[in-house]
């Protein structure tokens, strides 16, 4: 069984004292947090992976990156066993 690791990002920018959260669109057009896979064959770190796919997905370079929590568990996603890191 292969392990699938997905990284979700909450990207926050403050402009004119107004916080804004970056969202992406799912293939169905639904707003969602930017999300991408961790591929250990390409990236050495979770942060490197997040920075790479965020730039590819949005054209934006991440500033400060901080992991704030990790969610995981074999019953977390009924489709498959996954674990997801949350990096801010």
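Numbering (the numbering used here), first residue to last: -2 to 85.
Quick reminder that beta carbons are idealized off the backbone N, C-alpha and C, glycines included.
Let me know the secondary structure DSSP gives residue i once reduced to three states.
i          : result
residue 23 : coil
residue 55 : helix
residue 41 : coil
In terms of residue numbering, what span does the beta strand (DSSP E) encompassing residue i cover?
i          : result
residue 5  : 1 to 6
residue 60 : No beta strand (DSSP E) contains residue 60, which DSSP labels as neither H nor E.
residue 31 : Run containing residue 31: none; DSSP gives neither H nor E here.
Going by the CB atoms, is the gap between residue j and residue i shorter than 8 Å?
i          : j          : result
residue 43 : residue 51 : no
residue 5  : residue 32 : yes
Among the options, which has the Cα closest to the Cα of residue i?
i          : options           : result
residue 86 : 61, 47, 30 and 26 : This structure cannot settle anything about residue 86, because the visible part of the chain is limited to -2 through 85.
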